[in-house]
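Counting from 0, one number per residue, gives the positions in the first sequence under numbering that gives the first Met the number 0.
Idealized CB from N, CA, C, for every residue including glycine.
Because the structure is a prediction, the values reported are computed rather than measured.
Structure record follows, encoded as C-alpha cells.
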Amino acid sequence: MDYNFKEIEQKWQNYWEQNKTFKTPEDLTNPRKCYVLDMFPYPSGAGLHVGHPEGYTATDIYSRYKRMKGFNVLHPMGWDAFGLPAEQYAIQTGTHPSITTKNNCDTFRRQIKELGLSYDWDKEINTTDPLYFKWTQWIFIRLFNTWFDEKLQKGRPVNELTIPEEIKELGDREIRKYIDSKRLAYYDNAQVWWCPSCRIVCANEEVLNDGSHEKCGNIVEKKNLKQWMLRIPLYAERLLKGIDDLDWPEGIKDMQRNWIGRSTGAEVDFRIDGTDDNLTVFTTRPDTLFGATYMVIAPEHRIVNKITTVECRKQVDEYIRMAALKSDLDRTDLAKEKTGVFTGRYAINPVNNKLVPIWVADYVLTGYGTGAIMAVPAHDTRDFEFAQKFNLPILCIQDPDVQDQDQRNRILAGAECWTEDGKYINSSDKVTGIDINGLSKEAGIKKMTDWLESKNLGKAKINYKLRDWLFSRQRYWGEPFPVIHWEDGEITVLSDDELPLELPPLEHYLPGETGESPLANAGEWLNVTDKNGRKGRRETNTMPQWAGSCWYYLRFIDAHNNESIFDREKEKYWMPVDLYIGGAEHAVLHLLYSRFWHKVLYDLGIVSTDEPYKKLFNQGMILAFAYENGAGAKIPADQIEERDGKFYNTENGSEVRQIVAKMSKSLKNVVNPDDVVNRYGADSLRLYEMFIGPLDVMKPWDDRNVKGVFNFLSRSFRFFSNPENISIAADDNELLKGLHKTIKKVGDDIESLKFNTAISEMMIFLNLVYKKGKVSKDTACRFTLILSPFAPHLAEELWQMLGNEKSLAYEPWPEYDEQYLKEDTIEYPVSFNGKMRFLIELPADMPAEEIRKAVLADERSAKWIGSSAPANVIVVPKKIVNVVVK
RNA sequence: GCCCGGAUGGCGGAAUUGGUAGACGCGCUGGUCUCAAACACCAGUGGCAGCGAUGCUGUGCCGGUUCGAUCCCGGCUCCGGGUACCA
C-alpha cells in the first residue's frame, strides 16, 4: 500500500483535535510531571519559516515521549503578539492592530496544527488579550509596590519599608519621594536612546554597536525623556548566583554572567585641592594607587562645572559640547582615538598626598561606577594610551613578572604598559604609613583595601555592568501602564479591581515627533478625576514587548483563570519549566528579564520556585543556500540553475557561487514549511528538521535531503502496513537484538535531545527488517511506538492497522531487555603499533591473558610480528588488542 | 581587543569521550524489474597505487604526551556567535 501522507495526516489531526488527546491532565497527584515549553513566537505576517518547527518538533518529540513514560505533561503554545509591525501596518492602512494580529495568529495556528504538534490548545494564550495583559499589569503594580532589602537580598512590599526619622520630619512629600526612590519600578527623567524613524525609545540593549536601532537600522540619538525604569541591578547578585545551578548551555550562562558584569574593587575618595569636594572613583585595582598620576571624569559628571578653573573653562565647555554631539554620531570609529581636556584642578592622592591633575575625557563613561577614575597609566592600557597622547606622567609601580629583560626595562621606565602580576615597587609612604612594596597583586589589593577602610578613605565595593531597565515605549500596540499622573505630581497605580486597563480605540496611530505616544491623543481615555476632584492623566507610554514574555510560562499553567493570575496549587505542581527550547538570540535579554520578574514574584510569595527555567536548550539556526556572483551581489535562489555541480544565473547564464547564509527575504532563500508539508507531508518535515544535524548547531537546509527521511517513512509504511510481512512465528535473535538496541538508543537519545542519531538508529533497524523480510506483530508494534514521537501521524495509522483501537499517545514506552544487548562474542580489532590489521572473534568473557595468547597464535599475526618476540601486548577486554613490535 | 563555540568524504553529519575514523542519509556508479522512464529492490562508494588479495595515506596546520589521539596538552590558521573604552 502506498504511503498516502495527506490522507493519514488529515485523519489523525482531526482525531487528536476531536478527542482532545493532548489535553493537560487535571490530576495533580502524579509525582511525575514534565513542563515542556517552547519560546512562543511573534506571529509575523510572513507566517512560519522552517526555523520555527525545529524547536517545536524537538519539544514535541520530548513531550510525546514523556507521556508514554507515564508523565503528566504540560505542553502549551501561545502568541507574543504585541509588537511594532502590526502597528506600522495600522499607521499605513488604518487597520486596527488587533485585526492584523488576529489574522497572523490564525495563520500561525493553522500552520502549526498542520505539523501535528501535541499542544494542548485549550491553554493557548495571547499577550494582547486583555484577559492576559490584565495580569501583566497586575505584575507591574507589584513591581511598583516592591522595594529591595539589600540586607536580606530580597524584594519586599513597600509598606514594609522603614522610613528614616530624618525623612519623616520633612513631611509627606519627602516621604513619598523616599519611597519612590526605593521602588523596583520608577518614573524618571532619563537620558535615553531615541529612534527618530520609529519614534520610539530603545533600551540600551536594542541599540547596536554602530549606533543603529536593531529593529529599523536607523541611527538613534540621545534624548532626555521621562520614562519608566526597572531597578534590575538590585537583583544582579541573585541573578548571577542563580546561574550556577541551572542546567543551561555553558555558553549562555557565560553570556548572562558577562552581561551582569560583576567586578570587585574599591571606591576611593580623593580630596579636590582648593575645594571642600571629594571625587570618588571606583577601581578594581586599589593596589595601584601609588601609580595613579592623574584622574579622569566623564564629560557628563555633575562635578565638572564646579571644579573647572577659569583658565580652563572655555576648553572644557567646548569639549563637553563636542562630546555630547559625538555620542549622536557614529560612535565606534571616533571612539578609538582618545580625547580629553584638563580642568585646571588637582586632586590629592590619599596614599601619598601628591597632587594629580583632573582631566575630562569621554573614555570614562558616566553610567558605570562613579563616572570618574583614577588613572594608572603604567598598568592600564586605556590610561596608558591617554597618558602617552597628552604627555602625562607614567609611573611603574609593579616590577613585571617577565623573562624578557628588554621588555622589563621598558615597563620599568614607563614606556610599556603592564597589566599582569608583579612585585610592587615605589609603593610606600612614610607620612601616610602605607607600604605594599614587595607584595604581589592579590595581597596588595587586600592590604590596600583594608588600609583605605581603616583610614576612612574608601571601601571595598562590587560593581555591575547591568543597568536599570528602560521599560516604556511610545507606542499604541503594547500593554497600557496601570498608572495615573496627578496634577500635584503624585503618581499612583490602579487598584487590582480596575484591571485590565484596555487600550482606547484611536483614529491615528502615529506617535508624536517629540516622543509622545499615540495614546496622548486619546482624550476621553486619557483624563481622569478622582473623588476629590483632583485631575490626573493616564500614562501614555506602553510596555515593551518583553513584558508579556516575561511571565507567560506562568499563565500557561492556568490560562483561563479570571480570579487570580493562576491557581497556587497548579503553579506548585507544574513549576519549574522542565525543558525550555528556543533560539539563542534570547540568550541574554528575554531570559534575564524573565528571571528577574520571577525572582521578584518569588520574593513576594507568588511563585514557589526561585528560578523559572530548570533546563534550557538552544536550537541552532537553520541556514539556506544563497548565491552570489563574482562581484559579491546576491542572486535570488529561484533564479538559479544547477549543471554538473556548478550554479548558473538563469537570467544571463553567468556562473554564480553557492554560499550558506541566514534565510532572508532579500536573499530569496526562505524555505516555507507549507511547501515541504505539501510535497512530503508533516512527518517528513518533522523528521528532516531533526535528522539534518544536532539540535544545537547551525545547519544548512537542503530540500534534496528531505527525500532521505521521506524514503524512510515510506519504507516503514509499506513494510508494516502489508499483512504479508507480519509473521506469526517468533523473531530470530538477530532481529530481537536489533530491536532492543534500537529501543534503548532511541530512548536515551530523546532524553539527551540527540534526535538525529535516534533517527539513524531507526533507519538501521528498518534496513535490518527489510533484510529479514518478515517480523512478528509484537516487533512491528514496538517499532511503531518508538517511531511515534517522531512521525506521529504515520505511527498512529500503523498502530491502527496492526489492530490497536486507541491512540498510541499514552501507550507505555517499550522496555528494552538487557539480555539482547549482551554479546557472547566480541570482534576484537587487532592492531600492530596502533594500526588495525585484522579482526578476531573471541568469547566476550575471555580473560586478557587468553586473548593475548589467541591473538599471538593467530596465523595473521605472524606477518606483522616478524622474527623477534613482540615488545608488548596491550589487551583491553571488550575493546581492542594492540601488539607493540620493535 | 576580550569571552564562548566550531573545523571530519562530493554534501548533511556519526564515533560508546583515549581503543576498528567515516554509522545513517543525500549524491554518484553498477545491477534487477520495465518496450522505455520514474518508482522500488540489491550491491558498491574517503584519497592514492593495484586486475586482485592487499599496501600506503587520511579528522584545519605545527609540535607534544601515549602501546594507541577526531578525542588530552602547548603553539598557530580560518570560520561563526556574543560583547566592547565597564576602570
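Can you name the start and end residues of the beta strand (DSSP E) that L73 belongs to?
-> Translated into positions along the first sequence, residue 73 becomes position 74. Start and end: 71-73.
Just curious, the beta strand (DSSP E) that N531 is in, first and last residue?
-> Here residue 531 refers to the residue found at position 532 of the first sequence. Careful: N531 lies outside any beta strand (DSSP E) and carries neither H nor E.
Top-ranked residue by Cα proximity to W78, from L36, L114, G69 | Along the first sequence, read from residue 1 onward, the residue named residue 78 stands at position 79. For W78, the nearest C-alpha among the options comes from L36.
Is there contact here, the segment 474-488 with the segment 383-393, by at least three beta-carbon pairs under 8 Å?
-> no
Tell me whether S593 is buried or exposed, calling it buried when 16 or more other Cβ atoms sit within 10 Å of its Cβ.
-> Here the question's residue 593 lines up with position 594 in the first sequence. Buried: at least 16 other Cβ atoms inside 10 Å.
Would you kindly check if the distance between the Cβ of G413 and the Cβ of D398 is under 7 Å?
-> Along the first sequence, read from residue 1 onward, the residue named residue 398 stands at position 399. Along the first sequence, read from residue 1 onward, the residue named residue 413 stands at position 414. Against a cut-off of 7 Å, the Cβ pair of G413 and D398 comes out as no contact.
Where N668 falls, given that 16 or more other Cβ within 10 Å makes a residue buried = On the first sequence, residue 668 is found 669 positions in, with the first residue counted as 1. Classification of N668: buried, given that the 10 Å Cβ count is 16 or more.
Examine the Cβ distances between the segment 283-291 and the segment 348-368 and report whether three or more of them are shorter than 8 Å.
-> yes
For the segment 249-277, which segments carrying the alpha helix (DSSP H) assignment without a break, of at least 4 residues, lie completely within its bounds, in sequence order?
-> 249-259
Y827 by DSSP, collapsed to three states: which one?
-> On the first sequence, position 828 is the one that residue 827 refers to. Of the three classes helix, strand and coil, the one that applies to Y827 here is strand, per DSSP.
Option nearest D400 by Cα separation, candidates L394, N408, R198 = Position 401 of the first sequence, counted from the first residue, corresponds to residue 400. It is N408 whose Cα lies nearest to the Cα of D400.
What did DSSP end up calling H484 once you bin it into helix, strand or coil?
-> If you number the first sequence from 1, residue 484 lands on position 485. DSSP places H484 in strand when its eight states are reduced to three.
In or out: K122 buried (at least 16 other Cβ within 10 Å) or exposed?
-> Position 123 of the first sequence, counted from the start, is the residue given in the question as residue 122. Its Cβ being crowded by 16 or more others within 10 Å, K122 is buried.
Run of the alpha helix (DSSP H) containing Q17, from where it starts to where it stops | Here residue 17 refers to the residue found at position 18 of the first sequence. Segment 4-18, the alpha helix (DSSP H) holding Q17.
Buried or exposed: N203, going by 16 or more other Cβ atoms within 10 Å of its Cβ?
-> The residue given as residue 203 occupies position 204 in the first sequence. Exposed.
Under 6 Å Cβ to Cβ from V874, same chain only, skipping five residues before and after it: list those, please.
-> Walking along the first sequence from the start, residue 874 turns up at place 875. For V874, where only same-chain residues beyond five positions count, the Cβ hits under 6 Å are A847, I850, R851, V880.
Quick one: Cα of C549 to Cα of G241, how far?
-> Here residue 549 refers to the residue found at position 550 when the first sequence is read from its first residue. Here residue 241 refers to the residue found at position 242 when the first sequence is read from its first residue. So the alpha carbons of these two residues sit roughly 17 Å apart.
Identify every residue that forms a DSSP beta bridge with F246.
-> On the first sequence, residue 246 is found 247 positions in, with the first residue counted as 1. The sequence given here has Asp at residue 246, not Phe. Per DSSP, K614.
Give the DSSP-derived three-state secondary structure of D400 in the structure shown.
-> Here residue 400 is taken as the residue at index 401 of the first sequence, counted from 1. It is coil, neither helix nor strand.
With DSSP run on the structure shown, which of helix, strand or coil describes F139?
-> Locating residue 139 in the first sequence gives position 140, where the first residue counts as 1. Correct three-state label for F139: helix.
How many Å lie between T331 and F81 at the Cα?
-> Residue mapping note: residue 331 aligns to position 332 of the first sequence, counting from 1. Residue mapping note: residue 81 aligns to position 82 of the first sequence, counting from 1. In this prediction, T331 scores a pLDDT of 49, lower than 50, which makes its location untrustworthy; the coordinate-derived value is nonetheless stated afterwards. So the two alpha carbons sit approximately 32 Å from each other.
Please look up how many angstroms separate the CB atoms of R554 and W134, rounded, as I've assumed it's under 8 Å.
-> Sequence index remark: in the first sequence, residue 554 carries index 555 (1-based). Sequence index remark: in the first sequence, residue 134 carries index 135 (1-based). With a Cβ gap of about 7 Å, R554 and W134 count as contacting.
In three-state terms, what does DSSP make of T292?
-> For the purposes of this step, residue 292 is identified with residue 293 of the first sequence, where counting begins at 1. If DSSP states are grouped into helix, strand and coil, T292 belongs with coil.
Helix, strand or coil: how does DSSP classify G835 here?
-> One-based indexing of the first sequence puts residue 835 at position 836. One point to set straight first is that residue 835 is Met, not Gly, in the sequence displayed. DSSP places M835 in strand when its eight states are reduced to three.
May I ask which residues mark the beginning and end of the alpha helix (DSSP H) holding F709?
-> Taking the first sequence and counting its residues from 1, the one referred to as residue 709 is at position 710. Looking at the DSSP string, the run of the alpha helix (DSSP H) that includes F709 is 702-719.
Counting only the same chain and skipping the five closest in sequence on each side, list residues whose C-beta sits under 8 Å from that of D602.
-> The count along the first sequence starts at 1 and reaches residue 602 at position 603. Hits under 8 Å: T145, K153, G154, R155.
Got a sec, what are the start and stop residues for the alpha helix (DSSP H) Y362 sits in?
-> Along the first sequence, one-based indexing puts residue 362 at 363. Per DSSP, Y362 belongs to no alpha helix (DSSP H) and is neither H nor E.
Go through its chain and collect everything with a Cβ distance to K743's Cβ below 6 Å, but skip five positions before and after it.
-> For the purposes of this step, residue 743 is taken as the residue at position 744 of the first sequence. If we look at K743 and ignore the five residues flanking it on each side, its Cβ neighbours are Y815.
Where are the beta strand (DSSP E) runs, 3 residues long or more, that stay fully inside the segment 494-548, in chain order?
-> 526-528, 534-537
Smallest Cα separation from Q255: which of I410, D275, E584, L438?
-> Numbered from its first residue, the first sequence carries residue 255 at position 256. Per the Cα distances, E584.
Sort S866, Y14, G46 by Cα distance to G115 and report the nearest one.
-> Walking along the first sequence from the start, residue 115 turns up at place 116. Nearest of S866, Y14, G46 to G115, Cα basis: Y14.
By how many angstroms is the C-alpha of V696 removed from the C-alpha of V670?
-> One-based indexing of the first sequence puts residue 670 at position 671. One-based indexing of the first sequence puts residue 696 at position 697. Their Cα atoms are separated by approximately 18 Å.
Proximal residues to N3 (C-beta, below 8 Å), its chain only, five neighbours per side dropped | The sequence position of residue 3 within the first sequence is 4, counting from 1. Taken in chain order, the list of residues that qualify is empty.
Endpoints, beta strand (DSSP E) assigned at C33 | The residue labelled residue 33 in the question sits at position 34 within the first sequence. 32-37 is the span of the beta strand (DSSP E), which, as asked, contains C33.
Chain-order list of residues whose beta-carbon lies under 7 Å from that of E650 (same chain, five-residue window excluded) = In the first sequence, counting from the first residue as 1, residue 650 sits at position 651. Closer than 7 Å at Cβ, skipping near neighbours: Q638.
Please specify which runs of the beta strand (DSSP E), each continuous and at least 3 residues long, are wholly inside the segment 182-235, giving them in chain order.
-> 184-194, 199-201, 220-229
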